[in-house]
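Enquirer: First the structure, then my questions, so here it is.
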Ligand code: ATP
Ligand code: MG
C-alpha cells in the first residue's frame with residue numbers, strides 16, 4: 560500500500576531540473592563561516608546589499624560581483640553563503656568540480672543551461688566558482704579554453720528576459736589574469752577576500768574551533784605564536800609573518816588536533832612548515 564509518506568519521499572528523490580541545490584551549497588560551506596574579523600561581516604553585508612539591489616531595483620535586472628583573493632581565503636564558502644542567504648527561488652553553483660572529464664562543448668552546454676534555467680525564475684543567483692579552473696587556465700604558455708571564456712563573456716553580459724532578475728557571483732584566485740582575458744570589465748563590483756594576517760583573527764578561529772581545552776592553554780598558545788612572529792609585534796605595528804587562508808588554517812588546526820600532547824607546538828610547527 561502506498562501512503563502519503565511514500566509519495567512525499569518519492570517526490571524528494573526526484574531532483575528538480577531547477578531550483579536550489581541546497582546540498583551543494585551546504586557542502587562548500589562545510590566548516591561554516593567563522594566571524595574572525597570585521598571584513599567577514601562586511602563582505603556578507605556587501606553581498607546582502609547586492610542581493611537587495613537585484614530584488615528591489617527596477618533598473619538593474621542583472622548584477623554581478625567578483626569575489627577574489629588568495630587560494631583558500633574562503634571565496635567559495637562566502638559566495639555560497641551570500642547566495643543561500645538570498646533565499647531566491649533559483650540558486651545554482653557552477654563549479655569546475657562538477658565538470659571533471661567534460662569536453663569543452665559539454666562545459667559550455669552545462670554552463671549555458673544553468674543560465675537559461677535561471678531566466679525562468681523571477682529571482683536567481685548563479686555562482687560561477689573558480690573562473691580560472693572553469694576555463695582551464697594554464698600559466699604555462701597562458702593557455703585556456705577560449706570557447707568556455709567566450710560563453711562566460713556572453714552570459715555575464717546578457718540581461719535576463721523582462722521581469723527576470725539575476726545576481727551573478729563569480730570567484731577567482733587569479734584576479735590579474737581576468738583583466739587580460741577581458742573578464743574584469745564585466746563585473747559591476749568586486750570584493751577582495753583577504754587571508755588571515757593578524758593574531759586577533761587567529762585567536763578568534765582557535766577559540767571558535769575549540770582547539771584548546773582550557774583558557775590557560777589557549778593563552779599559552781597565543782603567546783607562543785606571537786613570540787614566533789605570527790601577528791602584531793611588541794611596538795604594536797603590524798609586522799606579521801602570517802598570511803594564511805581560512806581553509807588552510809582550519810585543516811592545519813585539525814592536523815594539530817590529532818595529537819593531544821603539545822597541540823600548540825604542533826600548530827606552530829605546521830604554520831612554520833607552510834613557509835611562514
Ligand atoms: P580555493 O582557492 O581553493 O578555491 P576558497 O578561497 O574558495 O579556496 P573555500 O573553499 O571557500 O576557500 O574554503 C573555506 C573554508 O573555510 C570552508 O570550509 C568554510 O566553511 C570555512 N570558513 C570558516 N570561516 C570562514 C569565513 N569567514 N569565510 C570563508 N570560509 C570560512
Ligand atoms: Mg574555491
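Residue numbers (UniProt numbering): 560 to 835. By construction, the Cβ of each residue, glycine as well, lies at the ideal position given by its N, Cα and C atoms.
Cβ-heavy atom distance between residue 804 and the ligand ATP below 7 Å?
Expert: yes
Enquirer: Measuring alpha carbon to alpha carbon, tell me which residue in 688, 693, 652 and 601 is nearest residue 677.
Expert: 652
Enquirer: Mind checking which residues open and close the alpha helix (DSSP H) that includes residue 809?
Expert: 805-816
Enquirer: Would you say the beta carbon of residue 689 is closer than 7 Å to some non-hydrogen atom of the ligand MG?
Expert: yes
Enquirer: Please confirm if the segment 695-702 is in contact with the segment 589-609, defined as three or more CB-CB distances below 8 Å between the two stretches.
Expert: no
Enquirer: Taking 8 Å as the cut-off, decide whether the C-beta atoms of residue 728 and residue 801 are in contact.
Expert: no
Enquirer: Might you give, ordered along the chain, the residues of its own chain that have their beta carbon closer than 7 Å to the beta carbon of residue 685, omitting 5 neighbours on each side?
Expert: 651, 653, 673, 674, 677, 725 and 727
Enquirer: Specify, as a first and last residue, the run of the alpha helix (DSSP H) that residue 641 falls within.
Expert: Run containing residue 641: 634-645, per the alpha helix (DSSP H) assignment.
Enquirer: With distance defined between alpha-carbon atoms, name the residue in 705, 655, 713 and 614 nearest to residue 689.
Expert: 655
Enquirer: Report yes or no: do three or more beta-carbon pairs, one from the segment 605-614 and one from the segment 701-717, lie closer than 8 Å?
Expert: no
Enquirer: On the three-pair Cβ rule with 8 Å, is the segment 659-668 touching the segment 779-788?
Expert: no
Enquirer: Within the present structure, is the beta-carbon of residue 697 separated from the nearest heavy atom of the ligand FAD by less than 7 Å?
Expert: What this structure holds is the ligand ATP and the ligand MG, not the ligand FAD.
Enquirer: State the Cα-Cα distance for the pair residue 665 and residue 710, rounded to the nearest angstrom.
Expert: Cα to Cα, residue 665 sits roughly 12 Å from residue 710.
Enquirer: Less than 7 Å between the CB of residue 634 and some heavy atom of the ligand MG, yes or no?
Expert: yes
Enquirer: Taking residue 588 as the reference, which of 634, 738, 769 and 740 has the closest Cα?
Expert: 634
Enquirer: Classify residue 593 as helix, strand or coil using the three-state DSSP reduction.
Expert: coil
Enquirer: Can you give me the Cβ contacts of residue 796 inside the same chain, cut-off strictly under 6 Å, excluding the 5 residues immediately before and after it?
Expert: Because residue 796 sits at a pLDDT of 49, beneath the cut-off of 50, its placement in the model cannot be relied upon, and the point is left open.
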